[in-house]
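So the protein sequences, as listed, match chains D and F.
If you number the first sequence the way the UniProt record's numbering does, the last residue is 345 and the count never jumps.
If you number the second sequence the way the UniProt record's numbering does, the last residue is 345 and the count never jumps.
From the three backbone atoms N, C-alpha and C, an ideal C-beta is built for every residue, glycine too.
No experiment lies behind these values; they were computed from the predicted model shown.
Below you'll find the structure, written out as structure tokens, and then a few comments.
Protein chains: 2
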Amino acid sequence: MVASKRARRSNAKRITIADVARTAGASVATVSRVLNGVDTVDPVLAERVRLAIGDLGYRPSAAAQGLARGRSGTIGVLVPDLANPYFSDVIKSVSAVARTAGSRVLVMDSDEDPEIERELTEDLLRYADGLLLCSPRMPRAHLAALAGRGTPMLVTNRQVTGLALHSLTVDFFQGVMAVCGHLARLGHRRVVYLAGPEHAWANAERLRALSGAEAFGLQVATVACGFTADDGYAAASAALDSGATAVVAYNDFVALGVLARFHEMGVDVPGDISLTGFDGIDMARFSDPPLTTVAVPRDRLGRAAGEALARIMSGDEEGEPGAIPVELHVRASTGAPRGSGGTPS
Amino acid sequence: MVASKRARRSNAKRITIADVARTAGASVATVSRVLNGVDTVDPVLAERVRLAIGDLGYRPSAAAQGLARGRSGTIGVLVPDLANPYFSDVIKSVSAVARTAGSRVLVMDSDEDPEIERELTEDLLRYADGLLLCSPRMPRAHLAALAGRGTPMLVTNRQVTGLALHSLTVDFFQGVMAVCGHLARLGHRRVVYLAGPEHAWANAERLRALSGAEAFGLQVATVACGFTADDGYAAASAALDSGATAVVAYNDFVALGVLARFHEMGVDVPGDISLTGFDGIDMARFSDPPLTTVAVPRDRLGRAAGEALARIMSGDEEGEPGAIPVELHVRASTGAPRGSGGTPS
DNA sequence: TTGAAAGCGCTAACAA
DNA sequence: TTGTTAGCGCTTTCAA
Numbered sequence: 001m002v003a004s005k006r007a008r009r010s011n012a013k014r015i016t017i018a019d020v021a022r023t024a025g026a027s028v029a030t031v032s033r034v035l036n037g038v039d040t041v042d043p044v045l046a047e048r049v050r051l052a053i054g055d056l057g058y059r060p061s062a063a064a065q066g067l068a069r070g071r072s073g074t075i076g077v078l079v080p081d082l083a084n085p086y087f088s089d090v091i092k093s094v095s096a097v098a099r100t101a102g103s104r105v106l107v108m109d110s111d112e113d114p115e116i117e118r119e120l121t122e123d124l125l126r127y128a129d130g131l132l133l134c135s136p137r138m139p140r141a142h143l144a145a146l147a148g149r150g151t152p153m154l155v156t157n158r159q160v161t162g163l164a165l166h167s168l169t170v171d172f173f174q175g176v177m178a179v180c181g182h183l184a185r186l187g188h189r190r191v192v193y194l195a196g197p198e199h200a201w202a203n204a205e206r207l208r209a210l211s212g213a214e215a216f217g218l219q220v221a222t223v224a225c226g227f228t229a230d231d232g233y234a235a236a237s238a239a240l241d242s243g244a245t246a247v248v249a250y251n252d253f254v255a256l257g258v259l260a261r262f263h264e265m266g267v268d269v270p271g272d273i274s275l276t277g278f279d280g281i282d283m284a285r286f287s288d289p290p291l292t293t294v295a296v297p298r299d300r301l302g303r304a305a306g307e308a309l310a311r312i313m314s315g316d317e318e319g320e321p322g323a324i325p326v327e328l329h330v331r332a333s334t335g336a337p338r339g340s341g342g343t344p345s
Numbered sequence: 001m002v003a004s005k006r007a008r009r010s011n012a013k014r015i016t017i018a019d020v021a022r023t024a025g026a027s028v029a030t031v032s033r034v035l036n037g038v039d040t041v042d043p044v045l046a047e048r049v050r051l052a053i054g055d056l057g058y059r060p061s062a063a064a065q066g067l068a069r070g071r072s073g074t075i076g077v078l079v080p081d082l083a084n085p086y087f088s089d090v091i092k093s094v095s096a097v098a099r100t101a102g103s104r105v106l107v108m109d110s111d112e113d114p115e116i117e118r119e120l121t122e123d124l125l126r127y128a129d130g131l132l133l134c135s136p137r138m139p140r141a142h143l144a145a146l147a148g149r150g151t152p153m154l155v156t157n158r159q160v161t162g163l164a165l166h167s168l169t170v171d172f173f174q175g176v177m178a179v180c181g182h183l184a185r186l187g188h189r190r191v192v193y194l195a196g197p198e199h200a201w202a203n204a205e206r207l208r209a210l211s212g213a214e215a216f217g218l219q220v221a222t223v224a225c226g227f228t229a230d231d232g233y234a235a236a237s238a239a240l241d242s243g244a245t246a247v248v249a250y251n252d253f254v255a256l257g258v259l260a261r262f263h264e265m266g267v268d269v270p271g272d273i274s275l276t277g278f279d280g281i282d283m284a285r286f287s288d289p290p291l292t293t294v295a296v297p298r299d300r301l302g303r304a305a306g307e308a309l310a311r312i313m314s315g316d317e318e319g320e321p322g323a324i325p326v327e328l329h330v331r332a333s334t335g336a337p338r339g340s341g342g343t344p345s
């Protein structure tokens with residue numbers, strides 16, 4: 001029962017390109033050519049090689065290929081929370097783009113922790129040809145250090161200025177502006193914002209837009225909240241107490257949490273108070289009432305990110321990726337405020 | 001402006017272990033030892049090496065390490081849909097386990113397509129030391145072929161018998177039994193099941209349980225549906241027409257879709273009809289009414305999967321992983337049927 | 001405790 | 001069109 005040194009894991013030692021070459025009666029170079037679609041191979045020989053590959057069930061080792069080629073064919077993606085559909089949607093879409101380009105995606109989840117984020121990024125660098133950092137929470141200094149490493153890199157959902165770092169953003173500003181405009185048109189004068197993570201660029205942009213809205217006469221109160229349904233649930237009564245006639249939630253989860261609490265409290269939406277979400281997750285359509293929200297085209301964001309990163313990796317430095325536009329979806333959770341004469345436009 | 005052959009990507013050529021050795025005045029073997037925590041290195045030398053590593057910002061190439069060691073330190077995970085929180089939760093948890101074991105997770109998403117699933121699995125084999133197939137939809141023959149490849153492998157959410165394939169399942173059977181028992185106790189005699197993907201083991205198990213419940217006098221109608229909220233929304237009126245007093249949805253998404261449609265139709269839940277979900281996603285708590293559902297401990301599933309796979313990879317073949325238990329969460333979406341005398345137990 | 005050197009499986013010159 | 005062979009960056013004997 002003593003396994004030989006190299007048969008520890010399974011009794012069949014790994015099938016290599018040499019095995020294929022031997023059984024096909026060709027050289028490893030030829031096998032490699034066939035593998036890589038180089039067309040200077042005699043069709044007959046090529047067919048023999050392909051047959052051998054099939055018979056032996058040979059698959060090239062990714063490690064060996066990566067070492068020899070100098071690139072791994074992998075792009076690393078870092079997200080703060082994989083369980084958030086916002087990010088999983090983006091990843092799906094990035095993966096799809098990567099796949100058509102012949103590469104794979106290595107995903108890591110930082111659990112919203114800036115320190116873990118740094119570690120994971122270091123690790124990703126060892127594996128990947130390029131990095132996609134989604135909504136990175138890490139301090140600017142770390143980002144700067146990474147930027148100096150020479151690895152092609154793209155940051156999304158965060159604007160980083162003054163660093164040699166490409167970034168692809170979402171136009172949160174316009175999104176919140178659209179929400180505010182919509183509410184103002186309905187007759188609202190006082191709204192309360194349930195704020196998201198303090199250090200998130202996404203939150204900062206929303207706040208910036210709310211300030212802008214104040215210039216147009218909208219009064220905005222802010223209540224610290226968070227980004228989960230639980231956070232929204234917990235902040236609901238505080239939002240109500242603010243005296244505002246509309247709640248602008250950081251995202252759809254928060255809004256759904258608020259809605260659940262309002263139901264419990266017997267607060268009618270939008271009769272007693274209006275409510276808006278952000279992101280446009282699927283569930284926002286299925287709540288009662290359906291949520292007015294700002295749809296972020298996550299598939300488009302993912303695709304754009306994948307393509308931009310590919311461009312960066314290929315050394316094409318022209319043009320910043322830019323910002324992804326968003327779209328207001330008006331649904332039944334917003335209406336005219338009480339006593340406004342009730343003339344929704 | 002003509003870049004030299006090896007400086008195409010960035011002007012700094014990759015820092016290798018040789019660079020570290022040189023600047024530390026040691027051999028590559030010694031650097032490797034320090035890197036791998038081999039303690040037969042003189043502390044002073046080791047420190048010098050560590051310094052050099054820090055100064056140079058050296059990170060070992062994953063490809064080279066993988067090639068030399070014969071393993072990549074990566075485990076491949078295949079899921080049918082990354083956007084489904086069920087799977088993203090599992091992945092989060094698997095990743096966490098993998099991380100403590102010093103490995104990373106390569107995730108691929110098959111988009112519920114058995115053919116893509118096969119391709120991706122082939123590809124994962126080239127990268128990973130072990131494979132985790134979540135709810136694979138691929139035909140048994142493919143699974144059998146994979147099982148013969150010698151790569152350590154674990155299948156979750158699908159029972160595969162007669163093959164040298166370990167599987168870790170969730171006790172869907174007991175879950176649905178618990179739901180049926182709960183409904184029966186409330187006085188329901190006729191329920192309608194909104195079925196999930198036809199070829200999914202998860203669906204088959206639910207059907208098996210429903211048959212079991214029929215033996216106890218519950219009448220069960222089945223309506224083909226799907227696994228998304230949209231599917232549920234579309235199937236809602238058919239469910240209503242079945243004449244059942246309770247709807248057993250394939251999962252929470254379907255249930256939430258049904259709920260939304262019922263709201264629109266003015267059907268009261270649970271007054272007019274009861275409704276249950278499955279999986280216990282977060283949102284199930286925040287609907288109106290909150291959903292009675294079966295909570296599947298996805299973190300536990302992920303952890304168990306990660307650990308079981310680790311065991312399999314280390315050659316420890318003892319014991320099948322087994323089945324993860326589930327838990328019925330009774331909430332407000334279920335009640336006594338109309339005219340039953342109204343005595344909820 | 002250290003270092004030299006032989007691989008690991010593949011790619012890509014370079015020769016033939 | 002084909003084959004030989006020198007790397008790719010690291011680990012790991014084996015000697016010293």
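Legend entry - chain D residues whose Cβ lies nearer than 8 Å to that of F:F172: Here residue 172 of chain F refers to the residue found at position 172 when the second sequence is read from its first residue. Those do not exist, as F:F172 stays about 21 Å from chain D at its closest Cβ, beyond 8 Å.
Inset, instruction - Verify whether the separation of the beta carbon atoms of D:A239 and D:A195 is less than 8 Å. - result: Translated into positions along the first sequence, residue 239 of chain D becomes position 239. Translated into positions along the first sequence, residue 195 of chain D becomes position 195. No, the Cβ-Cβ distance between D:A239 and D:A195 is not below 8 Å.
Inset, instruction - Reducing DSSP to helix, strand and coil, say where D:G180 ends up. - result: On the first sequence, position 180 is the one that residue 180 of chain D refers to. Strictly speaking, residue 180 of chain D in this sequence is Cys, with Gly absent from that position. Helix.
Inset, instruction - Flag D:F286 as yes if its beta-carbon sits less than 8 Å from any beta-carbon of chain F, otherwise no. - result: Counted from its first residue, the first sequence places residue 286 of chain D at position 286. Closer than 8 Å: yes.
Inset, instruction - Spatial neighbours of D:S93 within its chain, please: CB distance less than 6 Å, with the 5 preceding and 5 following residues excluded, ordered by chain position. - result: As a working note, residue 93 of chain D is residue 93 in the first sequence. For D:S93, where only same-chain residues beyond five positions count, the Cβ hits under 6 Å are D299, G302 and R303.
Legend entry - 8 Å Cβ cutoff, F:M283 in contact with chain D: Residue mapping note: residue 283 of chain F aligns to position 283 of the second sequence, counting from 1. Closer than 8 Å to some Cβ of chain D, the Cβ of F:M283 qualifies, so yes.
Inset, instruction - Using three-state DSSP, classify D:A224 as helix, strand or coil. - result: The count along the first sequence starts at 1 and reaches residue 224 of chain D at position 224. In this structure, D:A224 counts as strand in the three-state DSSP scheme.
Inset, instruction - Would you mind reading off the limits of the beta strand (DSSP E) that contains D:T156? - result: Here residue 156 of chain D refers to the residue found at position 156 of the first sequence. Where D:T156 is concerned, the enclosing beta strand (DSSP E) stretches over M153 to T156.
Inset, instruction - Let me know if F:E198 comes out buried or exposed under the rule of 16 or more other beta-carbons within 10 Å of its beta-carbon. - result: Counted from its first residue, the second sequence places residue 198 of chain F at position 198. Answer is exposed; the Cβ neighbour count stays below 16.
Inset, instruction - Could you list the residues in the region 117 to 130 of chain D with a C-beta less than 8 Å from some C-beta on chain F, going in chain order? - result: E122, D123, L125, R126 and Y127
Inset, instruction - Select from the region 93 to 110 of chain D all residues with a C-beta closer than 8 Å to any C-beta belonging to chain F, and list them in chain order. - result: S95, R104, V105, L106, V107, M108 and D109
Inset, instruction - Could you tell me how far apart the beta carbons of D:I72 and D:A128 are, in whole angstroms, since I believe they sit closer than 8 Å? - result: On the first sequence, position 72 is the one that residue 72 of chain D refers to. On the first sequence, position 128 is the one that residue 128 of chain D refers to. Note that residue 72 of chain D corresponds to Ser in the displayed sequence, not to Ile. Confirmed, Cβ separation roughly 6 Å.
Legend entry - Segment contact, 8 Å Cβ cut-off, at least three pairs: the region 57 to 76 of chain F with the region 102 to 122 of chain F: yes
Legend entry - For F:V20 and F:G70, the rounded distance between their alpha carbons: Numbered from its first residue, the second sequence carries residue 70 of chain F at position 70. Numbered from its first residue, the second sequence carries residue 20 of chain F at position 20. Using only the alpha carbons, I get a separation of about 23 Å.
Legend entry - Same chain only: Cβ atoms within 8 Å of F:V254, ignoring 5 sequence neighbours per side: The residue you call residue 254 of chain F lines up with position 254 of the second sequence. Taken in chain order, the residues that qualify are L194, G196, C225, G226, F227, T228, A229, D231, G232, A235 and G277.
Legend entry - Start-to-end residues for the beta strand (DSSP E) that takes in D:D113: Locating residue 113 of chain D in the first sequence gives position 113, counting from the first residue. It is not in any beta strand (DSSP E) - D:D113 carries neither H nor E in the DSSP assignment.
Legend entry - DSSP-derived helix/strand/coil call for F:E122: Position 122 of the second sequence, counted from the start, is the residue given in the question as residue 122 of chain F. Here F:E122 sits in helix by DSSP.
Legend entry - 4-residue-minimum alpha helix (DSSP H) runs that sit fully inside the region 48 to 123 of chain F, ordered along the chain: 62 to 69 and 85 to 100
Legend entry - CA-to-CA distance, D:S211 to F:H80, given in whole angstroms: Along the second sequence, read from residue 1 onward, the residue named residue 80 of chain F stands at position 80. Along the first sequence, read from residue 1 onward, the residue named residue 211 of chain D stands at position 211. The question names His, but residue 80 of chain F in the sequence shown is Pro. Computed Cα separation, rounded: 43 Å.
Legend entry - Span separating the alpha-carbon of F:L291 from that of D:G266: Within the second sequence, the letter at position 291 stands for residue 291 of chain F. Within the first sequence, the letter at position 266 stands for residue 266 of chain D. Those two C-alpha atoms are separated by around 18 Å.
Inset, instruction - Determine whether the Cβ of D:G266 lies closer than 8 Å to any Cβ atom of chain F. - result: Taking the first residue of the first sequence as 1, we reach residue 266 of chain D at position 266. Judged by the 8 Å Cβ criterion, D:G266 is not in contact with chain F.
Inset, instruction - Report the rounded CA-to-CA distance for F:S88 versus D:D42, giving the unit in angstroms. - result: One-based indexing of the second sequence puts residue 88 of chain F at position 88. One-based indexing of the first sequence puts residue 42 of chain D at position 42. If I take the Cα positions, the gap works out to 47 Å.
Inset, instruction - Go ahead and label D:Q159 buried or exposed: buried means 16 or more other beta carbons lie within 10 angstroms of its beta carbon, across all protein chains shown. - result: Indexing the first sequence from 1 puts residue 159 of chain D at position 159. With fewer than 16 Cβ atoms within 10 Å of its Cβ, D:Q159 is classed as exposed.
Inset, instruction - Whole angstroms is fine: what's the gap from D:G181's alpha carbon to D:V192's? - result: Start at 1 with the first residue of the first sequence, and residue 181 of chain D comes out as number 181. Start at 1 with the first residue of the first sequence, and residue 192 of chain D comes out as number 192. Each residue's Cα considered, the two are about 14 Å apart.
Legend entry - Local conformation of F:S274 per DSSP, three classes: Along the second sequence, one-based indexing puts residue 274 of chain F at 274. Strand at F:S274.
Inset, instruction - Put D:E317 into one of helix, strand or coil per three-state DSSP. - result: Along the first sequence, read from residue 1 onward, the residue named residue 317 of chain D stands at position 317. The answer is coil: DSSP assigns D:E317 none of H, G, I, E or B.
Inset, instruction - Answer yes or no: does any C-beta atom of chain D fall closer than 8 Å to that of F:H263? - result: One-based indexing of the second sequence puts residue 263 of chain F at position 263. Closer than 8 Å to some Cβ of chain D, the Cβ of F:H263 qualifies, so yes.
Legend entry - Residue from F:V326, F:L146 and F:D316 with nearest C-alpha to F:V296: Taking the first residue of the second sequence as 1, we reach residue 296 of chain F at position 296. For the residues F:V326, F:L146 and F:D316, the minimum Cα distance to F:V296 belongs to F:V326.
Legend entry - Partner residues on chain F for D:P60, Cβ-Cβ distance less than 9 Å: In the first sequence, the residue the question calls residue 60 of chain D occupies position 60. Chain F residues near D:P60: R126.
Legend entry - Inter-residue Cα distance where the pair is F:A310 and F:S237: The residue you call residue 310 of chain F lines up with position 310 of the second sequence. The residue you call residue 237 of chain F lines up with position 237 of the second sequence. So the two alpha carbons sit approximately 47 Å from each other.
Inset, instruction - Please go through the same chain and pick out, in chain order, the residues whose beta-carbon is closer than 8 Å to the beta-carbon of D:R331, but skip the five residues on each side of it. - result: Taking the first residue of the first sequence as 1, we reach residue 331 of chain D at position 331. Hits under 8 Å: A284, R285, P289, P290, L291, T292 and T293.
Inset, instruction - Go to D:V32, then tell me how far its alpha helix (DSSP H) extends in each direction, as first and last residue. - result: Reading the first sequence from its first residue, position 32 is the one you call residue 32 of chain D. For clarity, residue 32 of chain D is Ser in the given sequence; the question names Val instead. Start and end: V28 to L35.
Inset, instruction - Using a threshold of 8 Å, state whether the C-beta atoms of F:D252 and F:G271 are closer than that. - result: Here residue 252 of chain F refers to the residue found at position 252 of the second sequence. Here residue 271 of chain F refers to the residue found at position 271 of the second sequence. Their beta carbons are not under 8 Å apart, which means F:D252 does not touch F:G271 by this criterion.
Inset, instruction - Pick out whichever of D:A24, D:S95 and D:R50 has its Cα sitting closest to the Cα of D:N36. - result: Looking up residue 36 of chain D in the first sequence gives position 36. Measuring from the Cα of D:N36, the nearest candidate turns out to be D:R50.
Inset, instruction - For the region 240 to 284 of chain D, list the beta strand (DSSP E) runs that are entirely contained and at least 3 residues long, ordered along the chain. - result: 246 to 249 and 274 to 276
Legend entry - 8 Å Cβ shell around F:P152 - same chain, five flanking residues per side excluded: On the second sequence, position 152 is the one that residue 152 of chain F refers to. The answer, listed in chain order, is D129, G130, L131, L309, I312 and M313.
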